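Asks: Take the sequence shown: its letter number 122 is residue 122 in the UniProt record's numbering, and every next letter is one higher.
The beta-carbon is built from N, C-alpha and C at its ideal position, and this holds for glycine as well.
Predicted model only: the values in this text are computed from it and were never measured.
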Amino acid sequence: TTRGRRTQRSNLDYSSDPFVETIKSDLYVDSATITVGWQDVSGLEEAKRALQEAAILPLLRPDLYTGLRTAPRGILLYGPPGTGKTMLVKAVARESNCVLFACTASALTSKWHGEGEKLVRTLFRMAADVAPSILFFDEVDALLTRRKGDEHEASRRFKTEFMVQMDGIVAG
């Protein structure tokens, strides 16, 4: 999740960035359009409780996260396919009124040289601009396999940009 003051979404100017329309049409999900709530997620009580404490409570009660106590900046959900990870993320987005960016490997990779890392950079910038927001990377293992010496340069640059953005090294 990205934290911060919610920005007026309609005032953001991305007219010079060619990747914005791709992100808006393929990845951007407004929480008002999400129909999945906690009541739709059967079982997974421990996961729901953990997500409520780590993702929703900091938004509802920011006063609890001052000084040395800070809210988590990211949460990793893992498990085999079909165990409810996507439903949990949708429920968190709906319950917290956060914009959801639902990302897949195919949506983030490009056949054009250098476009994958630019798309990732724009995605993280948009998520920060509309914070609080949720970046959900489904099947992230398909994107971020172990770096190897014989790996294609474009793949290496994509992974590097992704990791830089995840680490929050680049501001803006």
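#1: What separation, rounded to the nearest whole angstrom, lies between the Cα atoms of residue 69 and residue 58?
#2: Ends of the beta strand (DSSP E) at residue 101?
#3: Tell me whether residue 94 is buried or exposed, calling it buried when 16 or more other Cβ atoms sit within 10 Å of its Cβ.
#4: Round the Cβ separation of residue 101 and residue 27 to the nearest angstrom and send it over; I've been treating them as touching at under 8 Å.
#5: Rounding to the nearest angstrom, what Cα-Cα distance links residue 84 and residue 48 in this structure?
#6: Can you give me the C-alpha to C-alpha distance between residue 118 and residue 153, rounded to a whole angstrom?
#7: Please report the straight-line C-alpha distance between residue 54 and residue 72, rounded to a whole angstrom.
#8: Please report the Cβ distance between residue 105 and residue 40, rounded to the nearest whole angstrom; I am assuming they are in contact, meaning their Cβ atoms lie under 8 Å.
#9: How far does the beta strand (DSSP E) with residue 134 in it reach, from first residue to last?
#10: So, is residue 129 buried or exposed, given that buried needs 16 or more other C-beta atoms within 10 angstroms?
Replies: In short:
#1: Taking the sequence shown and counting its residues from 1, one reaches residue 69 at position 69. Taking the sequence shown and counting its residues from 1, one reaches residue 58 at position 58. Taking the straight line joining both Cα atoms gives about 11 Å.
#2: For the purposes of this step, residue 101 is taken as residue 101 along the sequence shown, with counting starting at 1. Where residue 101 is concerned, the enclosing beta strand (DSSP E) stretches over 99-103.
#3: Looking up residue 94 in the sequence shown gives position 94. Counting Cβ neighbours within 10 Å, residue 94 comes out buried, since at least 16 surround it.
#4: Reading the sequence shown from its first residue, position 101 is the one you call residue 101. Reading the sequence shown from its first residue, position 27 is the one you call residue 27. 5 Å between Cβ atoms; contact.
#5: Numbered from its first residue, the sequence shown carries residue 84 at position 84. Numbered from its first residue, the sequence shown carries residue 48 at position 48. Distance from the CA of residue 84 to the CA of residue 48, rounded to the nearest whole angstrom, comes to 11 Å.
#6: As a position in the sequence shown, residue 118 is number 118, starting the count at 1. As a position in the sequence shown, residue 153 is number 153, starting the count at 1. Those two C-alpha atoms are separated by around 15 Å.
#7: Against the sequence shown, residue 54 aligns to sequence position 54. Against the sequence shown, residue 72 aligns to sequence position 72. Looking at the two C-alpha atoms, the distance is approximately 6 Å.
#8: Within the sequence shown, numbered from 1, the residue matching residue 105 stands at position 105. Within the sequence shown, numbered from 1, the residue matching residue 40 stands at position 40. Wrong, their Cβ atoms sit about 26 Å apart, outside the cutoff.
#9: To locate residue 134, count along the sequence shown from 1; it is residue 134. Residue 134 -> beta strand (DSSP E) spans 133-137.
#10: Taking the sequence shown and counting its residues from 1, the one referred to as residue 129 is at position 129. With 16 or more other Cβ atoms within 10 Å, it is buried.
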